[in-house]
Amino acid sequence: DNVTISQDDTGTGGNILDGNGGQANVIASVLTIDDAAGTGVTDNPLDTTIATLNMSTISGATFLQEADDINLLAVDVDDDFTLQSVDGTITATNVDTSNDDVTLTAANGVAVGLTGINTTNTGDVTITAGTTIAIGVVGIDAPDAIVTLAAGGNITGGAAVNVNADRLNITDAANVGTA
Numbered sequence: 339d340n341v342t343i344s345q346d347d348t349g350t351g352g353n354i355l356d357g358n359g360g361q362a363n364v365i366a367s368v369l370t371i372d373d374a375a376g377t378g379v380t381d382n383p384l385d386t387t388i389a390t391l392n393m394s395t396i397s398g399a400t401f402l403q404e405a406d407d408i409n410l411l412a413v414d415v416d417d418d419f420t421l422q423s424v425d426g427t428i429t430a431t432n433v434d435t436s437n438d439d440v441t442l443t444a445a446n447g448v449a450v451g452l453t454g455i456n457t458t459n460t461g462d463v464t465i466t467a468g469t470t471i472a473i474g475v476v477g478i479d480a481p482d483a484i485v486t487l488a489a490g491g492n493i494t495g496g497a498a499v500n501v502n503a504d505r506l507n508i509t510d511a512a513n514v515g516t517a
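According to our numbering, the sequence shown is numbered sequentially starting from 339.
Right under this line is the structure:
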């Protein structure tokens, strides 16, 4: 099943909020969110059980908590994007912000595809994975920002430049590179 949530950003609201505590707000194969001022809040994210997420024309911050595996297929937001996968893997296929931060936290691994995360210039990227982080060619493009990676396992990448950043911090990893 596919679900689309669209909230007109008129300046009189436009936020998509969690109204039922820790229970899933959306259960679907594909969730598309567009035309919203924001999604969830820091201490009460929108809870999902979905396979694929698409977002566009989001003018405010996004806070999501996914139950298991998720593919960020086409996420284009104009503010911070924060996602936690409680019991799964995050695949960042295409995440774009406009100079805003991207924070991904997964109980298992995180895979970042070819140009999978682009913060334009100054948006910081923080990825924390319970197991591995795999980054594709120029997987993270944050040229004037800080990228922080922490993995319970290995951090690996392809044969070319995988992270374009002003500063790269690796705070935890079993191995970095091909091991």
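Glycine included, every Cβ here is placed at the ideal spot set by N, Cα and C.
Original post:
What does Thr427 pair with, by DSSP beta-bridge criteria?
Top reply: As a first step, residue 427 is located in the sequence shown; it is residue number 89 there, counting from the start. Bridge partners of Thr427: none, in fact.
Original post:
Mapping DSSP to helix, strand and coil, what is Ser367?
Top reply: Within the sequence shown, numbered from 1, the residue matching residue 367 stands at position 29. In the structure shown, Ser367 sits in a strand (DSSP, three-state: E or B).
**OP:** Could you pull out every residue in the same chain whose Cβ sits closer than 6 angstroms to the Cβ of Thr469, ignoring the five residues on either side in sequence?
**Re:** Your numbering for residue 469 matches position 131 in the sequence shown. Asn446, Gly447, Gly490, Gly491, listed in sequence order.
Subject >> Residue nearest to Asn432 in terms of C-alpha spacing, selected from Asp356, Ser344, Ser367, Ala412 >> reply: Residue mapping note: residue 432 aligns to position 94 of the sequence shown, counting from 1. Answer by Cα proximity: Ala412.
Subject >> Selected residue, minimal CA-CA separation from Asp339, among Thr370, Asp425, Ile484 >> reply: To locate residue 339, count along the sequence shown from 1; it is residue 1. For the residues Thr370, Asp425, Ile484, the minimum Cα distance to Asp339 belongs to Thr370.
Subject >> Span separating the alpha-carbon of Val485 from that of Asp439 >> reply: Against the sequence shown, residue 485 aligns to sequence position 147. Against the sequence shown, residue 439 aligns to sequence position 101. Taking the straight line from one Cα to the other gives about 10 angstroms.
Original post:
Can you pull the DSSP bridge partners for Thr377?
Top reply: The residue labelled residue 377 in the question sits at position 39 within the sequence shown. According to DSSP, which records beta bridges pairwise, Thr377 is partnered with Ile354, Thr400.
Subject >> Whole-number beta carbon distance between Thr420 and Thr441, since they are thought to touch under 8 angstroms >> reply: Taking the sequence shown and counting its residues from 1, the one referred to as residue 441 is at position 103. Taking the sequence shown and counting its residues from 1, the one referred to as residue 420 is at position 82. With a Cβ gap of about 4 angstroms, Thr441 and Thr420 count as contacting.
Original post:
Just the Cα atoms here: how many angstroms apart are Gln422 and Ala449?
Top reply: Translated into positions along the sequence shown, residue 422 becomes position 84. Translated into positions along the sequence shown, residue 449 becomes position 111. Cα to Cα, the separation comes out at about 14 angstroms.
Original post:
From this set, Asp425, Gly474, Asn437, Thr387, which residue's C-alpha is nearest Asp462's C-alpha?
Top reply: Position 124 of the sequence shown holds residue 462. It is Asn437 whose Cα lies nearest to the Cα of Asp462.
**OP:** Enumerate in chain order the residues of its own chain whose CB-to-CB distance from Ala430 is below 6 angstroms, with the five nearest sequence positions on each side excluded.
**Re:** Taking the sequence shown and counting its residues from 1, the one referred to as residue 430 is at position 92. Excluding residues within five positions, the ones whose Cβ falls inside 6 angstroms are Leu410, Val450, Gly454, Ile455.
Subject >> Assigned secondary structure, Thr469 (DSSP; H/G/I helix, E/B strand, else coil) >> reply: What you label residue 469 is simply residue 131 of the sequence shown in a count that begins at 1. Residue state, collapsed to three classes: coil.
**OP:** Along the beta strand (DSSP E) that carries Asp482, what are the first and last residues, could you check?
**Re:** Taking the first residue of the sequence shown as 1, we reach residue 482 at position 144. Where Asp482 is concerned, the enclosing beta strand (DSSP E) stretches over 478-489.
**OP:** Return the CA-CA distance between Asp417 and Val514, expressed in angstroms with no decimal places.
**Re:** Locating residue 417 in the sequence shown gives position 79, where the first residue counts as 1. Locating residue 514 in the sequence shown gives position 176, where the first residue counts as 1. Computed Cα separation, rounded: 30 angstroms.
**OP:** Note down, in chain order, each residue of its chain lying with its Cβ closer than 7 angstroms to the Cβ of Thr342, except the 5 sequence neighbours on either side.
**Re:** The residue given as residue 342 occupies position 4 in the sequence shown. Cβ neighbours of Thr342 beyond the five flanking positions: Thr370.
Original post:
Does the Cβ of Ala512 have 16 or more other Cβ atoms within 10 Å, making it buried, or fewer, making it exposed?
Top reply: By 1-based counting over the sequence shown, the position of residue 512 is 174. Answer is exposed; the Cβ neighbour count stays below 16.
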